[in-house]
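Residue numbers (my numbering): 1 to 413. One structure is given here, and the rest of the page talks about it.
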């Protein structure tokens, strides 16, 4: 090392000195016109890639550790019957995830095992294996999110605001134990999954529950990697993606408890859901819109009848600098007032409208960023649309004027 340092120092002394004028001073700086010409030839901004920790094994098997931390602060102000409850605030973790991913014996067989940490206790989220049959076809089996709402399928680390929409919180598919056939080309994707129902990936009980979920996506412009996030980095090529999805499930697990009889995903309710969405990115702009509907046929054991719910959202983002993005969202949702939240609390207010506005600054792409936003509901918030993770709370009957401020720092590796 010492010899190398000496040789390096000698090579530096052998180099020619900086260009100077005849008077022995440094040559003048480039002209303003030259600087403009240089700026015009610069490449588009690209966020840096992640740290990419990786362990390589024999026979082309790999093990890669990934994860992310989202720590946030939420401040909620609303009118309540008890004045001391008008303000609720505090710190918490949006997500704390650790995962092991990689390939086994080549590139065809991949795996993912992921857990979430909550109050120091680990909870399984994803555990799947995927086999790439050929260039277009693959099959995946285990616990993962069915292909339904695109906002839910897009990673939590790639959202433009602190949290996904409240429409998503009600209609989301979450995870399921399933087997899924996948087909993809450069411009078309189709996925069809068979499961034992949504939102019960940690429920190992057998029963009569079954579910089918299908989604088709068309990508006339751009790449699938562009479609996977909500950041149209400045200088990127345009991207347009359109999607349709549908889901149906019925049945119930064995040994259901009395408290679970109000859970529509467990109590033998037949659920039919559908959605359509569009996503576009161009010249620093990101536009996304979705419409979703759900029809439920409730068994006689919990009252019988049918219920319907609908939701819509539109969100936009624009990069005012290479690393700073302004974002906004408008969302609307309605139910018939009988269904309530998935865990069974009936709602007195079935319609919800809200506007969210925020700003995100990307220090290291989506691997390190800070996001701040404000949610302003335009009407009374019923318990269908209240969400601890989103920061909204149920208004007292006849009250409105709720506002939520959120700020979050994210680190992903």
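Glycine included, every Cβ here is placed at the ideal spot set by N, Cα and C.
Does the beta-carbon of residue 131 have 16 or more other beta-carbons within 10 angstroms, so that it is buried, or is it exposed?
Counting from 1 along the chain shown, the entry for residue 131 is found at position 131. Exposed, by the Cβ-count rule.
Enumerate in chain order the residues of its own chain whose CB-to-CB distance from residue 271 is below 6 angstroms, with the five nearest sequence positions on each side excluded.
Working through the chain shown from its first residue, we reach residue 271 at position 271. The beta carbon of residue 271 sits closer than 6 angstroms to the beta carbons of 249 and 296 from its chain, once the five residues preceding and following it are set aside; these are given in chain order.
Decide if residue 431 is buried, meaning its Cβ has at least 16 other Cβ atoms within 10 Å, or exposed.
Nothing in the structure corresponds to residue 431, since the chain is present only between 1 and 413.
Just how far apart, CA to CA, sit residue 402 and residue 381?
Here residue 402 refers to the residue found at position 402 of the chain shown. Here residue 381 refers to the residue found at position 381 of the chain shown. Going from the Cα of residue 402 to the Cα of residue 381 covers about 8 angstroms.
I'd like to confirm the pairing. Which residues does DSSP put opposite residue 239 in its beta bridges?
The count along the chain shown starts at 1 and reaches residue 239 at position 239. Per DSSP, 281.
Anyone know if the C-beta pair for residue 118 and residue 156 falls short of 8 angstroms?
In the chain shown, the residue the question calls residue 118 occupies position 118. In the chain shown, the residue the question calls residue 156 occupies position 156. For residue 118 and residue 156, no; Cβs fall outside 8 angstroms.
Taking all protein chains shown into account, do 16 or more other C-beta atoms lie within 10 angstroms of the C-beta of residue 217, making it buried, or fewer, making it exposed?
To locate residue 217, count along the chain shown from 1; it is residue 217. Buried, by the Cβ-count rule.
If I follow the unbroken alpha helix (DSSP H) through residue 224, where does it start and stop?
Residue 224 sits at position 224 when you count from the first residue of the chain shown. 224 to 227 is the span of the alpha helix (DSSP H), which, as asked, contains residue 224.
Along the chain, where does the alpha helix (DSSP H) that runs through residue 385 open and close?
Translated into the one-based positions of the chain shown, residue 385 becomes position 385. Element bounds for residue 385: n/a, residue is neither H nor E.
Quick one: measure Cβ to Cβ for residue 399 and residue 80, integer angstroms, because I've assumed they're closer than 8 angstroms.
Indexing the chain shown from 1 puts residue 399 at position 399. Indexing the chain shown from 1 puts residue 80 at position 80. Residue 399 to residue 80, Cβ: 7 angstroms. Contact.
Are the Cβ atoms of residue 180 and residue 44 separated by less than 8 angstroms?
Here the question's residue 180 lines up with position 180 in the chain shown. Here the question's residue 44 lines up with position 44 in the chain shown. It is not a contact, given that the beta carbons lie outside the stated cut-off.
Using only CA atoms, which one of 275, 257, 273 and 70 lies nearest to residue 267?
Here the question's residue 267 lines up with position 267 in the chain shown. Checking every option, the nearest Cα to that of residue 267 belongs to 257.
Flag this pair as yes or no: are the beta carbons of residue 374 and residue 404 separated by less than 8 angstroms?
The residue given as residue 374 occupies position 374 in the chain shown. The residue given as residue 404 occupies position 404 in the chain shown. Yes, the pair counts as a contact, with Cβ atoms nearer than the cut-off.
Could you spell out the range, first to last residue, of the alpha helix (DSSP H) harbouring residue 170?
Numbered from 1 along the chain shown, position 170 holds the residue referred to as residue 170. Counting along the chain, the alpha helix (DSSP H) containing residue 170 begins and ends at 166 to 171.
Indicate the three-state DSSP secondary structure (helix, strand or coil) for residue 377 in the structure shown.
Position 377 of the chain shown, counted from the start, is the residue given in the question as residue 377. Correct three-state label for residue 377: strand.
Measuring CA to CA, which of 146, 167 and 150 is closest to residue 354?
Here residue 354 refers to the residue found at position 354 of the chain shown. Comparing Cα positions, the closest option is 167.
Going by the CB atoms, is the gap between residue 352 and residue 421 shorter than 8 angstroms?
Nothing about residue 421 can be read from this structure; the chain reaches only from 1 to 413.
Could you round the C-beta distance between residue 103 and residue 66 to whole angstroms and report it? I think they count as a contact, below 8 angstroms.
As a working note, residue 103 is residue 103 in the chain shown. As a working note, residue 66 is residue 66 in the chain shown. Contact flag wrong, Cβ pair sits at about 14 angstroms.
State the beta-bridge partners of residue 233 as determined by DSSP.
As a working note, residue 233 is residue 233 in the chain shown. As DSSP reads the structure, residue 233 sits in no beta bridge.
Using a Cβ-Cβ cut-off of 6 angstroms (strictly less than) and excluding sequence neighbours within five positions of residue 261, which residues of its own chain qualify?
Reading the chain shown from its first residue, position 261 is the one you call residue 261. Cβ neighbours of residue 261 beyond the five flanking positions: 267 and 302.
Rounding to the nearest angstrom, what Cα-Cα distance links residue 335 and residue 305 in this structure?
By 1-based counting over the chain shown, the position of residue 335 is 335. By 1-based counting over the chain shown, the position of residue 305 is 305. Looking at the two C-alpha atoms, the distance is approximately 14 angstroms.
Would you mind giving the Cβ-Cβ distance between residue 230 and residue 286, rounded to the nearest angstrom? I have them listed as a contact below 8 angstroms.
As a working note, residue 230 is residue 230 in the chain shown. As a working note, residue 286 is residue 286 in the chain shown. Right, the Cβ-Cβ distance comes to about 5 angstroms (below 8 angstroms), so this counts as a contact.
Apart from the five residues on each side of it in sequence, which residues of its chain come closer than 6 angstroms, Cβ to Cβ, to residue 332?
For this step, residue 332 is matched to residue 332 along the chain shown. The residues are 312 and 353.
Enumerate in chain order the residues of its own chain whose CB-to-CB distance from residue 245 is below 6 angstroms, with the five nearest sequence positions on each side excluded.
As a first step, residue 245 is located in the chain shown; it is residue number 245 there, counting from the start. Excluding positions up to five away in sequence, the list reads 148, 215 and 275.
Could you give the residue range of the alpha helix (DSSP H) that holds residue 180?
Stepping through the chain shown from its first residue, residue 180 is reached at position 180. Per DSSP, residue 180 belongs to no alpha helix (DSSP H); it is in the beta strand (DSSP E), 176 to 184.
Look at the alpha carbon of residue 76 and the alpha carbon of residue 365, and state the distance between them as a whole number of angstroms.
As a working note, residue 76 is residue 76 in the chain shown. As a working note, residue 365 is residue 365 in the chain shown. Their backbone Cα atoms lie some 29 angstroms apart in a straight line.
Run the CB neighbour count on residue 387, radius 10 Å, all protein chains shown included, and call it buried at 16 or more, exposed below.
Here residue 387 is taken as the residue at index 387 of the chain shown, counted from 1. Residue 387 comes out buried.
With DSSP as the reference, label residue 69 as helix, strand or coil.
As a first step, residue 69 must be located in the chain shown, where it is residue number 69. It is a strand residue.
Can you check whether the CB of residue 232 is closer than 8 angstroms to the CB of residue 363?
Position 363 of the chain shown, counted from the first residue, corresponds to residue 363. Position 232 of the chain shown, counted from the first residue, corresponds to residue 232. Going by C-beta atoms, residue 363 is not nearer than 8 angstroms to residue 232.
DSSP beta-bridge partners for residue 250?
Translated into positions along the chain shown, residue 250 becomes position 250. DSSP, once it has assigned bridges, lists 210 as partnering residue 250.
Tell me, which residues are paired with residue 85 by DSSP?
Position 85 of the chain shown holds residue 85. In DSSP, residue 85 forms no bridge with anything.
Does residue 397 pass the burial test, meaning 16 or more other C-beta atoms within 10 Å, or should it be called exposed?
For this step, residue 397 is matched to residue 397 along the chain shown. Exposed, since its Cβ has fewer than 16 Cβ neighbours within 10 Å.
At a threshold of 7 angstroms, does residue 159 count as lining the ligand ZN (C-beta to nearest heavy atom)?
Questions concerning the ligand ZN fall outside what the structure shown contains, since it holds no ligand whatsoever.
Note the first and the last residue of the continuous beta strand (DSSP E) segment covering residue 500.
Nothing can be reported for residue 500, as the shown portion of the chain is limited to 1 through 413.
Just how far apart, CA to CA, sit residue 127 and residue 82?
Here the question's residue 127 lines up with position 127 in the chain shown. Here the question's residue 82 lines up with position 82 in the chain shown. Using only the alpha carbons, I get a separation of about 45 angstroms.
Between which two residues does the beta strand (DSSP E) containing residue 118 stretch?
In the chain shown, the residue the question calls residue 118 occupies position 118. 109 to 118 is the span of the beta strand (DSSP E), which, as asked, contains residue 118.
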